[in-house]
Structures are given as structure tokens and as C-alpha cells.
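Counting from 80, one number per residue, gives the positions in the sequence shown under my numbering.
Beta carbons: idealized from backbone N, C-alpha and C, even for Gly.
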Amino acid sequence: MSGVGYSERINDSAFKKYIRNNKQWAGIFSMILAIVVIVSFAIYGQLSDEMDNPEALYIGLIIGGMFLSIGLYKIIGIKRSKTWDGKVTKKLVHHKRKDRLYVEYMVVITRDDTGETYEITEVD
80 MSGVGYSERI
90 NDSAFKKYIR
100 NNKQWAGIFS
110 MILAIVVIVS
120 FAIYGQLSDE
130 MDNPEALYIG
140 LIIGGMFLSI
150 GLYKIIGIKR
160 SKTWDGKVTK
170 KLVHHKRKDR
180 LYVEYMVVIT
190 RDDTGETYEI
200 TEVD
């Protein structure tokens with residue numbers, strides 16, 4: 080991961096372990112869901128008079144395949160995510176009133192490489 084302005088801290092071993100564990104659990108969770116759905120539809124096809132087993136099993140395979148593809152999409156998305164370094168340059172607290180009294184918190188973050196600023200606003 081060597082883009083301009085992207086953090087080298089992303090290559091820390093603790094973060095790599097976190098990413099690896101997150102990928103593994105996403106895959107395990109999607110496989111468990113797929114197996115449960117396939118087995119459930121197969122049992123439903125055996126016990127129910129509404130749907131025969133080949134039809135129920137095919138529906139279970141389709142839904143199980145959807146769970147597996149969603150898990151694969153999540154794993155691929157984790158692999159492509161990047162981050163960048165920045166510094167908090169300003170913190171603001173505004174007490175405002177609109178129908179009721181509320182507080183607005185704003186944090187301004189400046190990217191190290193380009194100097195772009197990003198504002199994060201939260202209302203409490």
C-alpha cells in the first residue's frame with residue numbers, strides 16, 4: 080500500500096492481524112449462514128407438503144450462494160480499503176437553539192499530504 084499520503088502505520092503487525100481475523104470471521108460467518116440455510120430448506124422439503132425436496136433444496140442453494148457471495152464481497156472490500164494520516168487542526172463547540180437547546184461539535188482534520196480539510200460535525 081504505497082500511495083501518496085497514505086499511512087505506513089497500516090502495515091503494523093497488530094493491524095494486519097486484525098484484518099486477517101476480520102476476513103476469517105467474515106468467511107466463517109457467511110459459510111455457517113449458507114450451511115444453515117441449505118440444511119433448513121432441505122429439512123423443510125422433507126417435512127412439508129407445500130414444497131418438494133428438490134425445489135426446496137435448490138432455493139436453499141440459491142440463498143446460501145447469496146450469503147457466500149455477500150461474504151466474499153465483504154472480504155474483497157476489506158482488502159481494498161486504505162487510510163491516510165491527518166491532524167486535528169480545530170475543535171469547535173457551538174451551543175445553538177432551534178426548537179430546543181442543543182450542542183454542535185465540529186472537528187476539522189487536515190490531511191498531511193495535500194492539506195485538504197475535512198469537517199466532522201456531530202449534534203448532541
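Check	Outcome
Gly194 - containing alpha helix (DSSP H), residue span	Run containing Gly194: none; DSSP gives neither H nor E here.
Selection from Leu151, Thr168 and Leu147 that minimises the alpha carbon distance to Tyr197	Thr168
Neighbourhood of Val202 by C-beta distance below 7 angstroms, restricted to the same chain and skipping five residues each side	Tyr181 and Glu183
Enclosing beta strand (DSSP E) for Lys170 [first to last residue]	Gly165 to Arg176
Spatial neighbours of Ile157 in its chain, beta-carbon cut-off 8 angstroms, leaving aside the 5 residues before and after	Ile98, Asn101, Lys102 and Ala105
Proximity to Ala121 [Cα-Cα], best of Leu140, His174 and Ser109	Leu140
Residue nearest to Gly144 in terms of C-alpha spacing, selected from Ile114, Asp91 and Ile199	Ile114
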